[in-house]
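Participant: Take this structure first; my questions come after.
Numbering (the working numbering), first residue to last: 23 to 186.
In structure tokens form, the structure reads like this:
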């Protein structure tokens, strides 16, 4: 099988090979079958959840795309804004519906902890992949999310279907 090599005790898959044969990013599977990802990805494509690019100065969002998959550490968004490039930082606003009685985020206000459905923060773009002539998938890490929100988002996502 092209791009897959077997070594002692683990399998490695080359997920990014350039034209000149140099190897890029490697993903490996542990012998026990455990994933090496820090956060599991969950498929939210069928829910059509919109993402906005957030202008913090004006406190207004502009349509950016929709969530394809989401983890407690990052997001993949399908958009028609093809000018996005890797290594950019984009301020985004995510608003997720409550699900199974679980709120995706928490607000620590004066009255204590309160549930909230939205998060505004920075996404560090890691990868941009063309879907077709008009759309791209933009994937990146949610870099400034507080640990309480990351934990709540992980709990919320545990009720959602896993991504392939």
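Ideal Cβ placement from N, Cα and C applies to all residues, glycine included.
Look at the alpha carbon of residue 181 and the alpha carbon of residue 124, and state the distance between them as a whole number of angstroms.
Facilitator: 9 Å
Participant: Using a Cβ-Cβ cut-off of 8 Å (strictly less than) and excluding sequence neighbours within five positions of residue 78, which residues of its own chain qualify?
Facilitator: 113 and 142
Participant: Is residue 155 helix, strand or coil by DSSP?
Facilitator: coil
Participant: Determine the direct distance from the alpha carbon of residue 109 to that of residue 169, and round the result to whole angstroms.
Facilitator: 23 Å
Participant: Going by DSSP, which residues form a beta bridge with residue 111?
Facilitator: 146
Participant: Go ahead and pull the three-state DSSP assignment for residue 80.
Facilitator: coil
Participant: Between which residues of its own chain and residue 43 is the CB-CB distance below 7 Å, once the five residues before and five after are set aside?
Facilitator: At residue 43, the pLDDT of 48 sits below 50, so the modelled position is not reliable and the matter cannot be decided from this model.
Participant: How many angstroms separate the CA atom of residue 99 from the CA atom of residue 116?
Facilitator: 11 Å
Participant: Pairing CB atoms from the segment 128 to 140 with CB atoms from the segment 170 to 179, are three or more of them under 8 Å?
Facilitator: Because the criterion of three Cβ pairs below 8 Å is met, the segment 128 to 140 and the segment 170 to 179 touch.
Participant: Out of 68, 104 and 80, which one is the CA nearest neighbour of residue 156?
Facilitator: Sorting 68, 104 and 80 by C-alpha distance to the C-alpha of residue 156 places 104 at the top.
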